[in-house]
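Residue numbers (this note's numbering): 2 to 142.
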């Protein structure tokens, strides 16, 4: 089974019970088709970067799960049919480093910060190189 993440945005006009029902619907589709949900994260109501279907806000949910590849097609079909989900994104984790990141994220851990590299020594000026080349005596054959 492969590692996946689905992030979906639910309409903000729904009640808390309806939002929970939509999240349960997605979880049910995953589990019925042979997937195992590792974790569910409720990111709450957030402002969208741009209006989607006249909505400026949305309720964000993230599920980390393991599933066979044929489940994704069924999941996409069901999420597209559901009118209360206004956007979704499914991410597949393939490489070892991605899978280790998936394991940390599914446990709620943050990824390690990227280490800043030491500043490099400045490059020599091109003008200084050109003057050195011009000062060299020309060899004649």
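Here a beta-carbon is modelled for each residue, glycine too, at the ideal position from N, C-alpha and C.
Can you tell me whether residue 68 is buried or exposed, with buried defined as 16 or more other CB within 10 angstroms of its CB?
On the chain shown, residue 68 is found 67 positions in, with the first residue counted as 1. Buried is the call here.
For residue 47, tell me which candidate among 13, 103, 35 and 90 has the shortest Cα-Cα distance.
Taking the chain shown and counting its residues from 1, one reaches residue 47 at position 46. Per the Cα distances, 13.
Which residue comes first and which comes last in the alpha helix (DSSP H) that contains residue 1?
Since the displayed the chain opens at 2 and closes at 142, residue 1 lies outside it and no answer follows.
Could you pull the start and end residues of the alpha helix (DSSP H) that residue 106 belongs to?
Position 105 of the chain shown, counted from the first residue, corresponds to residue 106. Here the alpha helix (DSSP H) through residue 106 covers 97–107.
Find the nearest neighbour of residue 50 within the set 10, 124, 111 and 105, judged by alpha-carbon distance.
Position 49 of the chain shown holds residue 50. It is 10 whose Cα lies nearest to the Cα of residue 50.
Hey, which unbroken runs of the beta strand (DSSP E) at 3 residues or more fall wholly within the segment 22–47?
Here no run is fully enclosed.
Reference residue 35; option with closest CA among 121, 106, 80 and 73:
The residue labelled residue 35 in the question sits at position 34 within the chain shown. Minimum Cα distance to residue 35 is reached at 73.
Going by alpha carbons, who is nearest to residue 91 out of 52, 120, 70 and 109?
On the chain shown, position 90 is the one that residue 91 refers to. Among 52, 120, 70 and 109, the Cα nearest to that of residue 91 belongs to 70.
8 Å Cβ cutoff met for residue 42 and residue 63
Reading the chain shown from its first residue, position 41 is the one you call residue 42. Reading the chain shown from its first residue, position 62 is the one you call residue 63. Between residue 42 and residue 63, the C-beta gap is smaller than 8 Å, which places the two residues in contact.
Comparing alpha-carbon positions, which option in 20, 85, 123 and 37 lies nearest residue 65?
For the purposes of this step, residue 65 is taken as residue 64 along the chain shown, with counting starting at 1. Cα-wise, what sits closest to residue 65 is 37.
Which of the three DSSP states is assigned to residue 75 in this structure?
The residue labelled residue 75 in the question sits at position 74 within the chain shown. Helix, per DSSP.
As assigned by DSSP and simplified to three states, the class of residue 19:
For this step, residue 19 is matched to residue 18 along the chain shown. Collapsing the DSSP output to three states places residue 19 in a helix.
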